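Trainee: Quick one: structure below, then a few questions.
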Amino acid sequence: MTIYIAQDSTTSLKLSKVVKYLNSKCNYIKFEEIPIIVETNEEYVMFPKTHNKYLKQVKTKRSQNDFLIVLTELQYDNNYFFEGETDLIILSFFGWKYLTSLPIENGLVYFICGMLLDEVIPYDAIDHSERLGCVNDFLFDKTRVDDGMRKGHLCTDCKKYIQKHKLTEFESLLYSDAISLLKNLAISSSNERSILNNNSNATVLNIDTNKKTTKHSVKKSTNNGDSIFISYSHKDEKDRLKLEDHLKILQRLGLISIWTDRKIAPGEEWKGQIDNNINNARIILLLISSNFLASDYCFDIEMKTALKRHKNNETTAIPIILRDCLWQISEFAKLQALPLDGKPIQKFTKKDEAYASIARAIAKIIKEGK
Ligand SMILES: [Zn+2]
15 MTIYIAQDST TSLKLSKVVK YLNSKCNYIK FEEIPIIVET NEEYVMFPKT HNKYLKQVKT
75 KRSQNDFLIV LTELQYDNNY FFEGETDLII LSFFGWKYLT SLPIENGLVY FICGMLLDEV
135 IPYDAIDHSE RLGCVNDFLF DKTRVDDGMR KGHLCTDCKK YIQKHKLTEF ESLLYSDAIS
195 LLKNLAISSS NERSILNNNS NATVLNIDTN KKTTKHSVKK STNNGDSIFI SYSHKDEKDR
255 LKLEDHLKIL QRLGLISIWT DRKIAPGEEW KGQIDNNINN ARIILLLISS NFLASDYCFD
315 IEMKTALKRH KNNETTAIPI ILRDCLWQIS EFAKLQALPL DGKPIQKFTK KDEAYASIAR
375 AIAKIIKEGK
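Going by this note's numbering, the letters in the sequence shown line up with residues 15 to 384, in that order.
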C-alpha cells in the first residue's frame, strides 16, 4: 500500500524529509512524495471542483488500496478540514496555528495515523462524538489536535475493539504502522519538537506526557483567538443570534471570541465593560438597520469609537447591512460593508448564503491578519 503526498502552492512543507521520516517508521506502508507543487488560484477548497482540478495536475499510478493526499492551507468552503475519497484527499491546514504551536508536519502524521486506524476500526463502530481523547476523534473534530498529538493514544473503546475483533493480516499491518507513527509523534510533540527534529535514538521511556499536556492546555485556554465586538440594536437580537451561529465554527476552532453586551451579568456595571471590550476588539461588527441608526448608543457612542479605532488601524470595523436603510449617507459608509457591495441580508432569497459569505469574509480577514 502506498500513500502519495503532494502539496499545493499555499503550503511549504519539507515534503521529502517528511516522506523519508514516514518510511523510516513504517514497515508495511510505503510513502512517496509527488515532487510537484500543485498550482492553485482558488480562494476556497470546494469538493469536488478543487479535487478535480488538482487531480489533473497530479499523475500517479495508484492501485486500489493506495491513497493520494494533497496538502493545502486554503480553507474549505464548508469548513471541513479534509474531504475526498481514496483517489484524492485534500487536507487543509487552514487555521492550524490557532490550534497548536506544533508544526504542520506533525499534523500530517497525526492525520495519517487517524486515516490508517479508520481502516482498521470502522467509522461507526465507536462513537467519538464525545471526544474520548483518542486519535480517532481527530477525523470528527480537530479542535483538540494539540492534546491529541502530544498524548498520541487510542481510547479504551478503540483498544477493546482491537482486542475483540480478529484483524485480518492487512489490518494488522496497518495497525502496527499506525501505532508506530503515533508513538513517535507523541514523543516529538510532547517535547515541543517537529517530527523532523526528533532524534530517533532518544530514550522513549518515562516521558511524562500528561504533565506537558496539562501545562500546555492551560496556556492555550487563555488564547481565544481574535476578539470580535458586535454592536447592534436590541431590536435586532434575532439577526445577531443568526450571525453568531454562522461564526460559531470559527469560535470552535479558537480563531475568534465574540463579545456582545448580553455577556454583561445583571447588576454589573455595563458602560465600563462595553468600553473595555470595544476598545480591545480586533474586529468590530456594526449590525446596520434603521434600528441601529435610531439608537443613540449604537450610533453616537459605539459607532464613533469603532470609526476612530479603525482610522487609527487599531481595529477593523465592518458594517453588516441587515436591512435596507439610509446608511449610505452616514459616516461609516466609507467602510467596506458586508455582504458584498452592501446588499442587505434581508434582500437575499437564501439568507444563509448571505450569513455564510460574511463568516467567510471574517475568516479571511483573520487569516490575513488585516
Ligand atoms: Zn477511540
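Built from N, CA and C at the ideal position, the CB exists for glycine as well.
Being a predicted model, the structure only gives us computed values, none of them experimental.
Our contact map puts Lys122 next to Val149 with C-beta atoms below 8 angstroms; I'd like the distance itself, whole angstroms only.
Mentor: Locating residue 122 in the sequence shown gives position 108, where the first residue counts as 1. Locating residue 149 in the sequence shown gives position 135, where the first residue counts as 1. Inspection of the sequence shows that residue 122 is occupied by Leu rather than by Lys. That belief does not hold up - the Cβ atoms of Leu122 and Val149 are roughly 13 angstroms apart, past 8 angstroms.
Trainee: Is any non-hydrogen atom of ligand 1 found closer than 7 angstroms to the C-beta of Ile193, if you look at the structure I gave you?
Mentor: The count along the sequence shown starts at 1 and reaches residue 193 at position 179. No, the beta carbon of Ile193 sits no closer than 7 angstroms to any heavy atom of ligand 1.
Trainee: Which runs of the alpha helix (DSSP H) spanning at least 4 residues fall entirely within the region 45-113, listed in chain order?
Mentor: Runs of the alpha helix (DSSP H) inside the region 45-113: 63-71 and 110-113.
Trainee: Could you give the residue range of the beta strand (DSSP E) that holds Leu352?
Mentor: In the sequence shown, the residue the question calls residue 352 occupies position 338. That residue, Leu352, is in no beta strand (DSSP E); it is neither H nor E in DSSP.
Trainee: By the three-class DSSP mapping on this structure, what secondary structure does Phe154 have?
Mentor: As a working note, residue 154 is residue 140 in the sequence shown. Here Phe154 sits in coil by DSSP.
Trainee: Keeping to the same chain, check which residues put their C-beta closer than 7 angstroms to that of Glu119; ignore five residues upstream and five downstream.
Mentor: Numbered from its first residue, the sequence shown carries residue 119 at position 105. Excluding positions up to five away in sequence, the list reads Leu27, Val32, Ser208, Ile209 and Leu210.
Trainee: If you measure between the beta carbons of Ile48 and Thr24, is that distance less than 8 angstroms?
Mentor: Here residue 48 refers to the residue found at position 34 when the sequence shown is read from its first residue. Here residue 24 refers to the residue found at position 10 when the sequence shown is read from its first residue. No, they are not a contact pair.
Trainee: Considering only DSSP beta bridges, list what Asp250 is partnered with.
Mentor: Numbered from 1 along the sequence shown, position 236 holds the residue referred to as residue 250. Asp250 is not bridged to any residue.
Trainee: Mark Tyr137 as exposed unless 16 or more other C-beta atoms lie within 10 angstroms of its C-beta, in which case mark it buried.
Mentor: Locating residue 137 in the sequence shown gives position 123, counting from the first residue. With fewer than 16 Cβ atoms within 10 Å of its Cβ, Tyr137 is classed as exposed.
Trainee: Any idea which residues DSSP pairs Phe243 with across the strands?
Mentor: Numbered from 1 along the sequence shown, position 229 holds the residue referred to as residue 243. Beta-bridge pairing links Phe243 to Trp273 and Ile298.
Trainee: If you check the beta carbons only, do Leu105 and Leu85 fall under 8 angstroms apart?
Mentor: Position 91 of the sequence shown holds residue 105. Position 71 of the sequence shown holds residue 85. Going by C-beta atoms, Leu105 is nearer than 8 angstroms to Leu85.
Trainee: Sorted by chain position, which residues of the same chain lie with C-beta nearer than 7 angstroms to Ser241's C-beta, five sequence neighbours on each side aside?
Mentor: Within the sequence shown, the letter at position 227 stands for residue 241. Counting only Cβ-Cβ distances below 7 angstroms, and skipping sequence neighbours, we find Ser271, Trp273, Asn294, Ala295 and Arg296.
Trainee: For Ala370, report the span of its alpha helix (DSSP H) as first-last.
Mentor: Start at 1 with the first residue of the sequence shown, and residue 370 comes out as number 356. Ala370 -> alpha helix (DSSP H) spans Lys365 to Glu382.
Trainee: How far does the alpha helix (DSSP H) with Ala200 in it extend, from its first residue to its last?
Mentor: Taking the sequence shown and counting its residues from 1, one reaches residue 200 at position 186. From DSSP, the alpha helix (DSSP H) with Ala200 extends over Glu183 to Ser204.
Trainee: For Ile343, count neighbouring C-beta atoms within 10 Å of its own C-beta (all shown protein chains included) and say buried if the count is 16 or more, exposed if not.
Mentor: Position 329 of the sequence shown, counting from 1, holds the residue named residue 343. Exposed, by the Cβ-count rule.
Trainee: Which same chain residues end up closer than 7 angstroms to Cys172 when comparing Cβ atoms and leaving out the 5 residues on each side of it in sequence?
Mentor: In the sequence shown, residue 172 corresponds to position 158, counting from 1. Only Ile135, Ile140, Cys148 and Asn150 meet the Cβ criterion.
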